[in-house]
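Reading through the structure tokens given below for one structure.
Protein chains: 4
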Amino acid sequence: MLKGFNYPLTPKGKSTLNPPPPWHYSADFLNIEFWAKSSAVAALLPAGLDPDPAAEGHGSAYFYDWQFSGENEEYLDPARYQYREFFILLDALFKGRPVSYCPYIFVDNDAALARGWSQGYPKRIAQVFQTRYYAATGKAGPSLAPGSKFAGSITAGGQRLAEGLVTLKEPLSDLAPFGQRPVVNLLHTPRLAADKQDKPPIHELVENVPHDIKIVQAWIGEGSLTLPVCKGEEISDLAPIRTGKGIRASMAYIVDDLKTLKDLKK
Amino acid sequence: MLKGFNYPLTPKGKSTLNPPPPWHYSADFLNIEFWAKSSAVAALLPAGLDPDPAAEGHGSAYFYDWQFSGENEEYLDPARYQYREFFILLDALFKGRPVSYCPYIFVDNDAALARGWSQGYPKRIAQVFQTRYYAATGKAGPSLAPGSKFAGSITAGGQRLAEGLVTLKEPLSDLAPFGQRPVVNLLHTPRLAADKQDKPPIHELVENVPHDIKIVQAWIGEGSLTLPVCKGEEISDLAPIRTGKGIRASMAYIVDDLKTLKDLKK
Amino acid sequence: MLKGFNYPLTPKGKSTLNPPPPWHYSADFLNIEFWAKSSAVAALLPAGLDPDPAAEGHGSAYFYDWQFSGENEEYLDPARYQYREFFILLDALFKGRPVSYCPYIFVDNDAALARGWSQGYPKRIAQVFQTRYYAATGKAGPSLAPGSKFAGSITAGGQRLAEGLVTLKEPLSDLAPFGQRPVVNLLHTPRLAADKQDKPPIHELVENVPHDIKIVQAWIGEGSLTLPVCKGEEISDLAPIRTGKGIRASMAYIVDDLKTLKDLKK
Amino acid sequence: MLKGFNYPLTPKGKSTLNPPPPWHYSADFLNIEFWAKSSAVAALLPAGLDPDPAAEGHGSAYFYDWQFSGENEEYLDPARYQYREFFILLDALFKGRPVSYCPYIFVDNDAALARGWSQGYPKRIAQVFQTRYYAATGKAGPSLAPGSKFAGSITAGGQRLAEGLVTLKEPLSDLAPFGQRPVVNLLHTPRLAADKQDKPPIHELVENVPHDIKIVQAWIGEGSLTLPVCKGEEISDLAPIRTGKGIRASMAYIVDDLKTLKDLKK
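Residue numbers (our numbering), protein chains in the order written: chain Y, 1 to 266; chain H, 267 to 532; chain L, 533 to 798; chain D, 799 to 1064.
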């Protein structure tokens, strides 16, 4: 009788962290391509995923300014459903198929954290920021033009974990690369029972299957990224050896499903 | 090969939200007894728990200022492991045995949220505050003396969800009531896969089994509590009809286990 | 030898809350017209300003998502210089001239608070949010079209102080009304010295003189606004009797000067 | 007719950031002694203060967990009046008299920022944390005993500006050193008027004159402190060459006055 997709479950289902799917998303984002040590990338992949030998440590870092909504205009409660996000995707192979794996992801909102955990995104809470583009431009921000710069930063537990920069060069007309590598995550739920702490009840490889993906206002140029050494954190093991393309665009999509690729408990 | 109790799982296990149990806790807390409508309490209980007819809607509200640590002096990273919490416990019965059920709980820290979810505590993120007692007193705060007042407040999604007040009367010598009702939670993990959204993989009644519980510096007096009506929230359905005792004390305990009472999926 | 516009003053002037003017701003904003009790408006006006008898309690509420920069691409440090704001402007007269007076204003950033105090804006810190418009639209947010809705909310000290909503009707072509009433503030600095606490060293009426104002992408429609009663707050004395137009637009301007209209100490 | 010590000024004086003095404070704090380059200390001193040749770059760093109150039990609104603080004091001379000067200070609360500015403390907003001592001890925190450790950290604009550690050795019986050097600040208010930006209306050396100072539960031992290099910040110019004593104690005092030592504009 209790209702709610995530905690808490209540008689009317209003207090739950999230309404039931479908989940609607819109965002502005920065995407920065980089190459880390191949061994650092390989060390982060869960069982069932293989390093992509062609990738040579290739990955991408992303800064997102998101707006979320369920089916009932939840975007009209921006204090609860608007959020910012930083994450990293690493090239990998699943049974020889090119995929992306997300080892690190941070948001500034609990509803986003809960949705992420339902999709295998290993989210933590952080403070994330990116430079905004406004229709009314001036010296307070970049226009969408060659040479314009957009920066991103993320701080968790009081430590600056990453800084990125995208310098625009030209509009991006070919959006095909965005869809080529699906995101495959490790869906994991631990068990606190003393005799089962090494037997997680949920431990699967899952594939994200978002749909109605729109990408607009995309510009491409150069990216830069730093992942500083921080106490109690391992993300700096992915510190870029070099960086590549940088993209700044807007996107929207819908999430209402998740596909299990492999149950790792068996 | 990947390590970590909670997300994220990494080669060295440093980035994880939480070290493995045992988990050590110390806190100052306020405890406010109240009576809500019996029907409102009954409506919040999950399958497997029954209303306690003797309770007449009895519950308690708690404000905690916590410090957490694993086995490696994690309390020396207070930005990551110190947190504040508000929660409600409702009297209920499990197979005729008096227990407490937690329908609402809020913290200001992601590691605490993750540990809570592992124990069936349906935590969301909020801003929680309580009046502090300092060894160096003056007019900036209460002393531990008759008539002293301690207040608590909690705000989630920008809305004030609860306010509480404890007025001290006398030291509390009999701590027996603290252990009488174990906390029984609904351990719940949703499934996003489109054809399984009504089939949560984990849906159990679990009993919290903390140990080495210490309660010191306890004072008892009168409590008051308000649960205002808020948009998109149901907690005000528990608005107190009357309030009773108020307690202010310090406590410590250890968590390293969880007991499943009943698998509700079967 | 110490440098810095605001605190702290240091040898190189890097740690200061703000670079020296000119200050560049870009934003998206919501503007909601309302009428409060005329007596409540009159009670808030400082010496030197008179109620505008034609206004009948007229004022406006604003939600802003700002990006700030000095002359050195400060917008590339969005964690430090991006911020959100809520404020109210009330119609008044200065020597018979129509002006606007700002009795309440809140931001989520200390640099913005410091700049505001330099201009007589009586800023406090709060959490402010407004619905965003993204180039990639969907059900996660409004498009710029008739019937689209944008909401704003603000919470200070854990209490929800205001909620607003703008429903778009049509593009706004005539921007003339935006410039008609200059903002006149009470520039005030208190004195802590025991014998001078009633003799503020700075207590002036000042006129804001921003320039290079651009307003684009403006839509007009209907506005609604609530100012709930909150403990320890007076803003609800302005609770709207009725509301009028609502606007959603983007703007940019430059601030590098302030004009003293009247020294109230003399 | 408008009331309020700080902004905003309103008819009833309830919305103001701070009630009028006297201001009451209680806290737990960490104090870490350090020596920076003498030239770095000298470079930070304002006109009217001289380097203390005997100090050899000596200063102290402080982490405070504060509770504030005016005369009306403001400590019962902890969301508004409880706060955390980090600051540095440097040895200096005023007309040959030993004093302390505060070049950097950070709090997580706007009311505290406003009170600080009234006293010449150049406060910015940050996230500050220190390890807590609880009456109910365990492995979640230190007891007051030899070898116990207390840590502090501070993050502003997303960057970790300082980390400190105090390791207790023994109770501190002689509290005399706490009162020997009064705090002398630079009280500074900028002027935005274009032709007066180099003529601050308030620019004075002021002496803090707190009274009814109580220090209790004091322990002394060793301190350590790091001030990492951060973008857009100068605090790391004070990076310790060596550190000395560390103290952990509780204190209370009252502030209701400020003494001007020298008007630097003349």
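Each residue gets a CB set at the ideal place from its N, CA and C atoms; glycine is no exception. Bear in mind that the values here come from a model prediction, so they are computed numbers and not experimental data.
Under the three-state reduction of DSSP, V573 of chain L is assigned to helix. Judged by DSSP secondary structure, S118 of chain Y falls within the alpha helix (DSSP H) whose first and last residues are 110-118.
For R780 of chain L, no chain Y residue has a C-beta closer than 8 Å to its own C-beta; the minimum C-beta separation is roughly 11 Å. Comparing alpha-carbon positions, the option among D:P975, D:W864, D:R958, D:C900 lying closest to I1045 of chain D turns out to be D:P975. Note on geometry: alpha-carbon atoms of D343 of chain H and F927 of chain D lie some 8 Å from one another. Annotation note: the segment 647-678 of chain L contains the following uninterrupted beta strand (DSSP E) runs of length 3 or greater, listed N- to C-terminal: 655-657, 659-662. Q662 of chain L reaches chain Y at P78, counting residues in chain order whose Cβ is nearer than 8 Å. Boundaries cannot be given for R979 of chain D, as no beta strand (DSSP E) includes it and DSSP labels it neither H nor E. Bounds of the beta strand (DSSP E) holding R774 of chain L are 774-787.
In the three-state reduction of the DSSP assignment, Y873 of chain D falls in the helix class. Not a single CB atom of chain L sits nearer than 8 Å to the CB of Q348 of chain H. In the structure shown, S419 of chain H adopts extended strand secondary structure according to DSSP, grouped into three states.
Nearest Cα to Q712 of chain L within the set L:P553, L:E702, L:A644, L:R629: L:R629.
The C-beta separation of P1026 of chain D from F832 of chain D comes to about 14 Å, leaving the pair out of contact by the 8 Å criterion. By the Cβ-count criterion, M799 of chain D is exposed, with fewer than 16 other Cβ atoms from all chains shown falling within 10 Å of its own Cβ. Under a criterion of Cβ atoms nearer than 8 Å, the residues of chain Y adjacent to T953 of chain D are, in order, T155, G158, Q159. Annotation for K681 of chain L: T663, P674, L697, V698, T699, L700 place their beta carbon closer than 8 Å to its own, counting only its chain and skipping 5 residues before and after. In the structure shown, S366 of chain H falls within a strand segment according to DSSP collapsed to helix, strand and coil.
The straight-line gap separating the alpha-carbon atoms of K569 of chain L and S813 of chain D is approximately 19 Å. The closest CA to that of L704 of chain L, considering only L:Y633, L:N563, L:A750, L:V631, is found on L:A750. A residue is called buried when at least 16 other Cβ atoms come within 10 angstroms of its Cβ; E1031 of chain D meets this threshold and is buried.
Burial is judged here by how many other beta carbons sit within 10 angstroms of a residue's own beta carbon; A852 of chain D has fewer than 16 and is exposed. Going by C-alpha positions, P122 of chain Y is about 8 Å away from C102 of chain Y.
Within the same chain, Y83, R84, I125, A126, Q127, V128 come within 7 Å of D108 of chain Y by CB-CB distance, once the 5 residues on both sides are set aside.
Using a Cβ-Cβ cut-off of 7 Å, G962 of chain D is close to nothing in chain H; its nearest Cβ partner there is about 11 Å away.
Annotated three-state conformation of D263 of chain Y is strand, per DSSP. The beta carbon of Q659 of chain L falls within 8 Å of a beta carbon belonging to chain H, placing the residue at that interface. Sequence-distant partners of D582 of chain L (beyond 5 residues in either direction) whose C-beta falls short of 7 Å from its own C-beta, in its chain, are A624, L625. Interface criterion met: the Cβ of T542 of chain L is under 8 Å from a Cβ in chain D.
At a beta-carbon threshold of 7 Å, the residues of chain H lying near A194 of chain Y are D522, D523, ordered along the chain.
Contact with chain D is found for T403 of chain H, since one of that chain's Cβ atoms lies less than 8 Å from the residue's Cβ. Residue pairing by DSSP places E351 of chain H opposite H:Y330, H:V373 in a beta bridge.
Inclusion of I886 of chain D and L1036 of chain D in the CB contact set at 8 Å is warranted, their separation being smaller than that value.
Taking 7 Å as the cut-off between beta carbons, none of the residues of the segment 1009-1029 of chain D comes near chain L.
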